[in-house]
Amino acid sequence: MDIVGPAQFVVLGIKTQIFSILIPVVALVLFAYIISKRLIPLRRAAQDERFNRFGERLAQIWSLWLLQVKQPRYMLAGVLHMAIFFGFLVLMLRSIALVFIGFQGDFQWPFLDGSLGVGYTIAKDYAATVVFVACVVAGIRRGIVKPPRYAVPEQYGKDHTGEAVFVLALISVLMISESLFDASKLVAGGEVGHFAAPLSLAWFFTGMLRGSSTELLQGTHIVSYYVHDLTFFYFLCFLPFGKHFHVLTSFFNVLFLRLDRGTVKPVRYGLAKEELDDLESFGVKKLEDFTWKHMLDFYSCADCGRCSDQCPANAVKRPLSPRFITIKARDLLFKTFPVWGQPQEAPALIGGIYTEDEIWSCTTCGACEEECPLAIEYIDKIVDLRRGLIDEGMVPQSLQKPLNALEKRGNPYGKTAKQRGKWIEEEEFAQTVPVKLLQGGETADTLFFVDSVGSYDDRIIEINRKAAQLLHHMDKDFGILGEQEKDAGNEIRRFGEEMLFQEIKEHNTEAILEVAPQEIVTTDPHTFNTLRKDYEGLPPVRHISQVLVEGLAQGKFSLRPLEEKDLVYTYHDPCYLGRHNLLYDEPRQLLDALPGMKRVEMEKHRDRSFCCSGGGLALFYEPEEETRMGVVRVQMAREAGADVLVTACPFCLINMEDAVKIAGLENELKVIDLTELFAEQVEFVPTVAAAV
Amino acid sequence: MNILVCVKRVPDSSENEIRLNREGNDIDTDDLVYAVNEWDNYAVEEAIQLVDKVGGSVTVVSIGTEENEEILRREMAMGAETGVLLSDPLFEEADGRKLAAILSAYISKNNFDLVLCGAQADEGGAQVGGMLAAMQDKPYAALVNMIEVLDDNKLKIGREIEGGSQEISEIELPCVLSIQTGINEPRYVSIRGIRKVASVEIPTLGAADIGFTDVPLRLNKLEYFQPELGEGAEMLEGSEEELADKLVELLQAKGGIK
Chain Z
1 MDIVGPAQFV
11 VLGIKTQIFS
21 ILIPVVALVL
31 FAYIISKRLI
41 PLRRAAQDER
51 FNRFGERLAQ
61 IWSLWLLQVK
71 QPRYMLAGVL
81 HMAIFFGFLV
91 LMLRSIALVF
101 IGFQGDFQWP
111 FLDGSLGVGY
121 TIAKDYAATV
131 VFVACVVAGI
141 RRGIVKPPRY
151 AVPEQYGKDH
161 TGEAVFVLAL
171 ISVLMISESL
181 FDASKLVAGG
191 EVGHFAAPLS
201 LAWFFTGMLR
211 GSSTELLQGT
221 HIVSYYVHDL
231 TFFYFLCFLP
241 FGKHFHVLTS
251 FFNVLFLRLD
261 RGTVKPVRYG
271 LAKEELDDLE
281 SFGVKKLEDF
291 TWKHMLDFYS
301 CADCGRCSDQ
311 CPANAVKRPL
321 SPRFITIKAR
331 DLLFKTFPVW
341 GQPQEAPALI
351 GGIYTEDEIW
361 SCTTCGACEE
371 ECPLAIEYID
381 KIVDLRRGLI
391 DEGMVPQSLQ
401 KPLNALEKRG
411 NPYGKTAKQR
421 GKWIEEEEFA
431 QTVPVKLLQG
441 GETADTLFFV
451 DSVGSYDDRI
461 IEINRKAAQL
471 LHHMDKDFGI
481 LGEQEKDAGN
491 EIRRFGEEML
501 FQEIKEHNTE
511 AILEVAPQEI
521 VTTDPHTFNT
531 LRKDYEGLPP
541 VRHISQVLVE
551 GLAQGKFSLR
561 PLEEKDLVYT
571 YHDPCYLGRH
581 NLLYDEPRQL
591 LDALPGMKRV
601 EMEKHRDRSF
611 CCSGGGLALF
621 YEPEEETRMG
631 VVRVQMAREA
641 GADVLVTACP
651 FCLINMEDAV
661 KIAGLENELK
671 VIDLTELFAE
681 QVEFVPTVAA
691 AV
Chain Y
693 MNILVCVKRV
703 PDSSENEIRL
713 NREGNDIDTD
723 DLVYAVNEWD
733 NYAVEEAIQL
743 VDKVGGSVTV
753 VSIGTEENEE
763 ILRREMAMGA
773 ETGVLLSDPL
783 FEEADGRKLA
793 AILSAYISKN
803 NFDLVLCGAQ
813 ADEGGAQVGG
823 MLAAMQDKPY
833 AALVNMIEVL
843 DDNKLKIGRE
853 IEGGSQEISE
863 IELPCVLSIQ
873 TGINEPRYVS
883 IRGIRKVASV
893 EIPTLGAADI
903 GFTDVPLRLN
913 KLEYFQPELG
923 EGAEMLEGSE
933 EELADKLVEL
943 LQAKGGIK
């Protein structure tokens with residue numbers, strides 16, 4: 001008893017081999033057509049520079065794409081995805097081989113003969129089984145359990161469950177038909193040495209089919225082949241129509257991901273600063289203003305909802321959900337550049353698919369980007385959209401005042417430049433800590449870049465005086481720029497006012513280079529970030545926590561034990577220190593160095609830190625929201641059992657000190673800056689009067 | 693509709709300690725930065741929005757020196773088509789009536805359907821708009837916070853009157869209106885926007901160009917001073933928190949709160 005494969009089978013006098021050739025040919029032509037249509041917007045898109053640094057890019061492919069390192073951050077969904085992904089990788093060879101088997105019955109990959117071939121057969125049997133089981137679990141999860149993360153809020157359109165479950169069903173059909181195809185052949189008497197791997201899907205089917213008639217086996221063999229063939233090519237052509245496009249695009253999306261952290265893309269690649277003035281339009285206003293990589297992002301989104309699940313703006317019900325920044329743009333791309341028909345006229349993005357408040361609601365904290373398993377970018381898009389809003393004059397009144405003040409006076413508060421360096425003159429402070437005013441040719445090894453909030457806000461001035469005291473204690477030769485310093489501009493740039501940022505950057509760069517410091521130190525992570533990432537030609541920039549860790553290692557500090565023994569501390573990672581600059585350990589090292597330190601971690605810490613609502617200009621923006629991010633954050637600190645919340649950013653301090661009052665936690669939680677806390681425990685030797 | 697908006701360059705004094713000059717009859721302007729008068733900015737935005745709806749053009753005019761070009765450019769970056777600077781040694785010292793007379797002379801040489809002024813400027817006189825209307829013999833409404841074009845000859849306007857009530861009237865064109873803040877949300881002017889209009893020429897007109905004959909000043913500033921503490925008045929000092937604590941203490945002590 002033997003049965004024939006699809007290459008030999010004849011039905012009603014027709015050789016099925018014809019279909020085995022026709023189905024792939026038609027499907028591949030169709031697929032090529034669909035993809036060519038999908039590529040049209042990418043060709044019309046703005047430039048991007050991604051064909052570089054291939055070594056680093058391959059490393060990203062290795063970890064992010066092949067090893068799926070981001071997936072287990074959401075354990076169940078992640079493991080299910082990894083099962084399906086690895087299963088697909090294994091089954092890829094088998095699926096292609098099956099296409100050939102349709103018209104060449106004895107087809108076999110030349111490199112898969114002998115024991116390697118047997119090994120592969122076992123692997124693919126288990127792969128199919130694992131994928132099938134994963135699909136069933138995922139189907140139950142998406143269709144019945146329905147985790148809230150996947151819900152589509154009313155304003156963002158219809159529910160996406162149908163599509164998700166449909167695709168899981170398609171994949172299951174592929175796994176079942178592939179296994180049935182094999183099982184029927186094996187029962188009818190397969191080639192020597194072929195067997196179904198125990199407990200695999202094919203193994204179960206062999207058991208079920210054993211004893212069946214030859215006709216049934218023959219029928220099952222042929223039907224399962226064509227069910228598989230049709231489903232396979234249907235799936236291939238279906239992918240570019242929805243969230244499963246990521247199956248095809250993810251490799252390229254990861255390959256071309258943004259390699260640097262904390263940076264902002266230029267307004268337009270390949271354009272000198274002087275040429276910016278001549279641009280007809282600025283930023284992203286319509287679909288084609290996005291870069292091709294950003295469009296690829298839209299195509300690649302798997303709609304997993306992790307970005308929005310982590311987004312602090314979404315958490316406090318601001319009108320922003322990063323997931324729908326992408327989904328809405330993808331849907332508009334599909335509509336504007338349809339597969340069937342000519343490209344349409346797309347509406348302006350703002351007022352079309354996005355609202356102004358949506359775009360201003362982002363604090364650029366980077367939680368969404370950190371989470372995305374596909375490395376979809378958000379901050380650059382938000383900044384580009386803001387550049388467009390700024391260009392059109394569509395700026396909320398609450399931001400216009402600080403922006404105008406920045407333009408006229410170099411700080412968002414509208415204070416005079418003369419007042420900028422006044423904080424070092426306070427009598428008691430000036431007597432113990434001499435801070436050089438680096439003006440009129442005065443130089444120093446270390447430039448303390450104070451920035452606006454540290455120069456004008458009384459509470460932050462206290463912290464900078466402590467920082468200065470520590471620098472002095474470490475025998476640093478340091479000073480400040482005083483009147484010559486302007487806002488470093490991290491938020492000016494990230495709120496889209498690029499030309500103002502360029503002016504301010506030019507001014508600061510000149511002022512800094514005149515002093516010719518060996519290094520720049522700052523207490524503000526936003527300053528730290530922009531000086532490091534947005535400026536060029538500056539000496540190394542360090543955050544105060546790095547300087548203090550160095551001092552600690554050199555034995556420069558003798559530390560008193562903490563006075564109150566029972567207090568529990570927790571550390572809040574500022575976005576621009578942690579996620580954007582990967583300084584997670586230094587601040588913790590400093591805390592743990594304090595004798596008597598009892599420290600706990602909040603659930604959201606390190607790269608999952610929850611933004612306090614943002615710094616710089618974000619402090620002025622008045623968003624629609626249900627509660628403040630800072631309030632949510634201080635409650636997290638309480639839940640972790642902390643009595644003291646330590647941070648290392650002036651804006652985090654301001655936001656969370658406010659939040660403690662709003663949340664009514666004044667008696668339970670104290671917010672303190674790392675520098676301040678550390679300085680309180682340092683035994684300062686009285687300044688030697690011999691300096692005379 | 694051809695709209696003229698009169699704009700003034702004023703010191704931006706919002707966040708700064710104002711000091712008196714040596715003569716004691718004005719503020720010390722050394723450390724100050726200047727900006728367009730806030731009310732005028734709303735007027736320009738309103739004019740641009742009107743023109744967007746019904747067509748026409750917006751002209752902004754300012755009296756002063758070439759330093760005023762900066763604010764004119766800012767308003768042009770918003771969308772005003774033409775900027776005009778009225779500058780003449782004769783204009784240097786002026787009271788409200790003289791400013792109105794200068795503007796009136798300029799308006800008489802041109803043809804505007806609508807003239808907008810800010811309700812008031814830095815000195816709080818709120819008088820130029822009204823006097824200008826009188827000199828031009830045109831209908832006038834002050835503190836306008838809503839404008840709707842009814843037809844070529846008529847506007848519907850709203851004014852906020854005491855107690856928060858709204859008064860709606862019809863006014864015939866051409867007319868003069870003084871604009872209240874809050875009538876709209878003025879657009880932002882980016883550095884790029886200003887640069888784009890940086891090379892647009894701004895015509896400068898002197899007294900002779902607009903046919904202005906000098907009018908004598910009828911208002912002279914004599915003195916500028918901070919009022920002395922009156923009886924029972926007390927200035928609280930300290931940080932915001934200390935201030936709040938002291939205030940609560942005082943209110944409790946005097947029976948204001950319990």
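If you read the sequences in order, they're chains Z and Y. FYI, in my numbering the residues of the first sequence are 1 to 692. FYI, in my numbering the residues of the second sequence are 693 to 950. We treat Cβ as the ideally placed atom computed from N, Cα and C, and that holds for glycine. Quick caveat, the model's predicted, so the values are computed rather than measured.
Chain Y residues whose Cβ lies nearer than 7 Å to that of residue i
i                         : result
lysine 418 of chain Z     : Asp723
isoleucine 390 of chain Z : Tyr880 and Ser882
glutamine 400 of chain Z  : Tyr880
Supposed close pair residue i, residue j - CB separation, criterion 8 Å
i                        : j                         : result
alanine 329 of chain Z   : lysine 243 of chain Z     : No, alanine 329 of chain Z and lysine 243 of chain Z are not in contact; Cβ-Cβ is about 13 Å, not under 8 Å.
cysteine 649 of chain Z  : glycine 615 of chain Z    : 7 Å
histidine 221 of chain Z : serine 184 of chain Z     : 4 Å
lysine 381 of chain Z    : isoleucine 325 of chain Z : 7 Å
tyrosine 299 of chain Z  : threonine 249 of chain Z  : 5 Å
alanine 772 of chain Y   : valine 736 of chain Y     : 6 Å
Own chain residues within Cβ distance below 6 Å of residue i, not counting five before or after
i                            : result
valine 145 of chain Z        : none
phenylalanine 651 of chain Z : Gly615
serine 870 of chain Y        : Cys809, Ala811, Gly821 and Ala834
leucine 943 of chain Y       : Ile949
serine 20 of chain Z         : Pro6, Gly102 and Phe103
leucine 255 of chain Z       : Arg57 and Ile61
glycine 695 of chain Z       : A query on residue 695 of chain Z cannot be resolved here, the shown segment of chain Z reaching from 1 to 692 and no further.
phenylalanine 337 of chain Z : Ile40, Pro41 and Pro343
Neighbour-count burial assignment, residue i, 16 or more Cβ in a 10 Å radius
i                            : result
tryptophan 62 of chain Z     : exposed
phenylalanine 54 of chain Z  : exposed
alanine 689 of chain Z       : Caution applies to alanine 689 of chain Z, whose pLDDT of 44 falls short of 50 and renders its modelled position unreliable; the value that the coordinates give is listed next. Exposed.
phenylalanine 51 of chain Z  : exposed
phenylalanine 917 of chain Y : exposed
phenylalanine 495 of chain Z : buried
alanine 691 of chain Z       : In this predicted model, alanine 691 of chain Z has a pLDDT of only 43, less than 50, meaning its place in the structure is not dependable; the value taken from the coordinates is given anyway. Alanine 691 of chain Z comes out exposed.
isoleucine 140 of chain Z    : exposed
Residues bridged to residue i [DSSP beta-bridge criterion]
i                         : result
asparagine 694 of chain Y : Y:Ser749
cysteine 809 of chain Y   : Y:Cys698 and Y:Ser870
arginine 542 of chain Z   : Z:Val521
serine 861 of chain Y     : Y:Ile849
methionine 75 of chain Z  : Paired residue(s): none; methionine 75 of chain Z is not in a bridge.
lysine 15 of chain Z      : Z:Val10
alanine 46 of chain Z     : Z:Thr291
Contact set between residue i and chain Z, taken where Cβ atoms lie within less than 9 Å
i                         : result
methionine 770 of chain Y : Gly393
arginine 887 of chain Y   : Asp277 and Met499
aspartate 937 of chain Y  : By Cβ distance, chain Z contributes nothing, its closest Cβ being about 14 Å from aspartate 937 of chain Y, past 9 Å.
aspartate 844 of chain Y  : What aspartate 844 of chain Y touches in chain Z: nothing, since even the nearest Cβ is about 28 Å away.
Chain-order list of residues whose beta-carbon lies under 7 Å from that of residue i (same chain, five-residue window excluded)
i                        : result
glutamine 502 of chain Z : Lys273
proline 587 of chain Z   : Ser545, Tyr571, Ala648 and Leu674
leucine 939 of chain Y   : Leu928
proline 539 of chain Z   : Pro517, Gln518, Glu519 and Ile520
glutamate 497 of chain Z : Ile390 and Leu403
Under 8 Å from the C-beta of residue i: neighbouring residues of chain Y
i                        : result
leucine 403 of chain Z   : Tyr880
glutamine 71 of chain Z  : Per Cβ cutoff of 8 Å: no residues; glutamine 71 of chain Z is ~42 Å from chain Y at best.
glutamate 407 of chain Z : Ile883
Neighbour list for residue i in chain Z, Cβ cutoff strictly below 8 Å
i                        : result
glutamate 767 of chain Y : Correct list: empty, because the minimum Cβ distance to chain Z is about 12 Å.
Proximal residues of chain Z, C-beta to C-beta of residue i below 7 Å
i                        : result
aspartate 720 of chain Y : Going along chain Z, no residue has its Cβ under 7 Å from aspartate 720 of chain Y, so there is no contact; the nearest lies around 12 Å.
glutamate 877 of chain Y : Gln397
Contacts of residue i in chain Y (Cβ-Cβ under 9 Å)
i                            : result
phenylalanine 282 of chain Z : Ser882 and Arg884
Close-in-space but distant-in-sequence residues of the same chain around residue i (CB under 8 Å, 5 per side omitted)
i                        : result
threonine 206 of chain Z : Ala183, Leu186, Val187 and Ala196
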